[in-house]
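Using this note's numbering, the first residue of the sequence shown is number 55, and each one after it goes up by one. Glycine residues also receive a C-beta, built at the ideal position from the N, C-alpha and C atoms. Report on the structure given below.
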Amino acid sequence: MQVAARQSLNKLIIILVVSFVCASLTSCQRNATIRENSGSVPSSNKPTSASGQDTIRAGTSLRKRAAREIDAGHYQLASRLLERALRIDSRDPATYYQFARLRCHEGSPDLALQLIEKGKTLSPDRPLLTMFDQLKESCAQLAVENT
55 MQVAARQSLN KLIIILVVSF VCASLTSCQR NATIRENSGS VPSSNKPTSA
105 SGQDTIRAGT SLRKRAAREI DAGHYQLASR LLERALRIDS RDPATYYQFA
155 RLRCHEGSPD LALQLIEKGK TLSPDRPLLT MFDQLKESCA QLAVENT
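In structure tokens:
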């Protein structure tokens with residue numbers, strides 16, 4: 055069990071590093087866009103071009119498919135889909151919610167709780183915050199049962 059937990063922790067660390075790098079690259083790209091537009095600041099962080107919208111849809115599609123795979127018990131496939139979704143949009147709180155849900159189902163409540171906290175920092179959406187809190191309670195209960 056310790057080996058599996060260590061592997062899960064290593065995966066989480068890799069995901070967080072990739073997320074940080076993606077966020078840094080997005081910030082650099084946004085700064086370049088601002089300079090190109092003679093100092094005009096975009097109204098939101100989300101891409102507004104057609105290709106940007108396609109990227110958002112791709113990430114959403116991966117996240118929704120991963121949710122179905124979690125429900126079906128296909129955890130490895132769900133993990134790969136969620137990793138891809140995070141590479142596309144590392145600031146999507148719903149993807150962190152699904153990743154936390156996956157880790158909870160896999161029996162890694164500590165990792166799930168870390169993902170919940172990360173997702174909550176990204177979410178301005180009250181219903182999603184409520185879902186994070188409910189998942190946090192479930193994972194905390196699982197952690198107690200595993201002790």
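Return yes when the Cβ of residue j is within less than 8 Å of the Cβ of residue i, no when it is not.
i: L176; j: P147; result: yes
i: A120; j: A139; result: yes
i: E123; j: L116; result: no
i: K113; j: I142; result: It is worth fixing the name first, because residue 113 is Gly in this sequence and not Lys. Taking 8 Å as the Cβ cut-off, G113 and I142 qualify as a contacting pair.
Cα-Cα, which of the options is closest to residue i?
i: V198; options: A112, G161, Q107 and F153; result: G161
i: N200; options: D164, D187 and K172; result: D164
Skipping 5 residues on each side, what residues in its chain have a beta carbon closer than 8 Å to that of residue i?
i: C158; result: A166, L189, S192, C193 and L196
i: M185; result: Y151
i: E171; result: none
So, at 7 Å on beta carbons, what are the nonlocal neighbours of residue i in its own chain, with the 5 sequence-adjacent residues on each side left out?
i: L37; result: The requested residue 37 does not occur in the structure, where the chain is confined to residues 55 to 201.
i: S169; result: According to the sequence shown, residue 169 is Leu rather than Ser. Result list for L169: Y150, F153, A154 and R157, in chain order.
i: G173; result: P147, Y150, Y151, A154 and F186
i: S133; result: L156
In chain order, what residues of the same chain have a beta carbon less than 6 Å from the beta carbon of residue i, not counting five sequence neighbours either side?
i: E90; result: Note on E90: pLDDT 36, under 50, position unreliable in the model; no value is reported.
i: R145; result: L176
What runs of the alpha helix (DSSP H), each 4 residues or longer, lie entirely inside the region 108-149?
129-142
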